[in-house]
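Here the sequence shown stands for residues 2 to 156, where the numbers follow the working numbering.
A virtual CB, placed ideally from N, CA and C, is assigned to each residue, including glycine.
Okay, so here's the structure we're looking at.
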Amino acid sequence: MNIIFVCYGNICRSTMAEFMMKHYVKKRGLEELYHIESAGTSRENLGDDTYYRAQQTLREHNIPYQKRRARQINQQDYEFFDYILCMDDNNLYTLKYMFNGDSFKKCHKIMSFSGSADDVADPWYTRNFEKTFEDLELGINAFLDKMEESGAHKN
2 MNIIFVCYGN ICRSTMAEFM MKHYVKKRGL EELYHIESAG TSRENLGDDT
52 YYRAQQTLRE HNIPYQKRRA RQINQQDYEF FDYILCMDDN NLYTLKYMFN
102 GDSFKKCHKI MSFSGSADDV ADPWYTRNFE KTFEDLELGI NAFLDKMEES
152 GAHKN
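Structure follows, in structure tokens:
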């Protein structure tokens with residue numbers, strides 16, 4: 002299953018989600034079933050590494066991460082990925098605009114899998130990276146549970 006996480010700049014929330022998801026699927030013994038990446042809707046931070054406070058939060062939770070470069074999501078991503086998991090309503094709106102209304106219904110807010118309509122807290126504005134981590138942990142684990150319940154892990 003091919004998953005891409007998307008936020009605005011691809012330096013905080015989506016990168017945290019990428020590394021968290023990789024860690025969680027490995028802990029569940031599912032790493033062979035998932036290809037996981039992240040991207041942003043904006044070109045503003047192209048080439049930048051994960052923001053240092055996001056790295057610090059991942060480290061505090063023993064989530065492995067690596068150096069990477071922010072990139073913008075594109076049409077090839079839409080065609081390749083099975084799920085495009087975004088962080089907030091603005092991301093979802095932008096993705097639907099970029100991909101002609103999302104006719105294949107690939108774009109979802111990650112928190113929706115936990116039964117919540119909330120956005121993932123944006124630490125760029127809140128400065129609360131721990132809250133972002135908690136939101137992502139809830140959303141990602143709910144997504145993985147839903148995939149397991151649906152039989153997606155039986156491939």
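If you draw a 10 Å sphere on the C-beta of THR127, you find fewer than 16 other C-beta atoms in it, and that means exposed.
Nearest to PHE134 by C-alpha distance, out of ASP50, THR42, THR58 and ALA143, is THR58.
Segment contact: the stretch 101-119 against the stretch 29-39, fewer than three CB-CB distances shorter than 8 Å; contact not assigned. If one requires a minimum length of 4 residues, the alpha helix (DSSP H) runs lying completely within the stretch 82-134 are 90-99 and 124-127, in chain order. Counting along the chain, GLU61 sits inside the alpha helix (DSSP H) bounded by residues 53-61.
Taking C-beta separations shorter than 6 Å and ignoring five residues to either side along the sequence, the partners of ASP120 in its chain run ASP89, following chain order. DSSP places ASN3 within a strand segment (E or B) once states are collapsed to three.
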